[in-house]
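Have a look at the structure below before the remarks.
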Amino acid sequence: MNVGEVARFVIAPQYGYGSEGFAPKVEPDETLDFEIELIRFKVCSAVIQSPVAGVPSAN
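As structure tokens, this is what we get:
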């Protein structure tokens, strides 16, 4: 993403809060729908690899 760009993330219930939900804000089996705008970002001096190949870790 570039600064100012907007992305939409739609998360199926099985990848969100599932059949339990998160009362009182998220009902059971609810699909999560987020609209995210990148305001700014910070350049890291080093990338630490996570155990999953190709996915950077935040450590």
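Under the numbering used here, think of the first position of the sequence shown as 41, with each following residue one higher. For each residue, glycine too, the CB sits at the ideal point set by N, CA and C.
- Rounded to the nearest whole angstrom, the C-alpha separation of GLY56 and GLU77 is 20 Å.
- Of all C-beta pairs linking the segment 70-85 to the segment 44-55, three or more are shorter than 8 Å, placing the two stretches in contact.
- Rounded to the nearest whole angstrom, the CA to CA distance from SER59 to GLU75 is 23 Å.
- Non-local beta-carbon contacts of PHE49 in its own chain, meaning distances under 7 Å to residues more than five positions away in sequence, involve PHE74, ILE76 in chain order.
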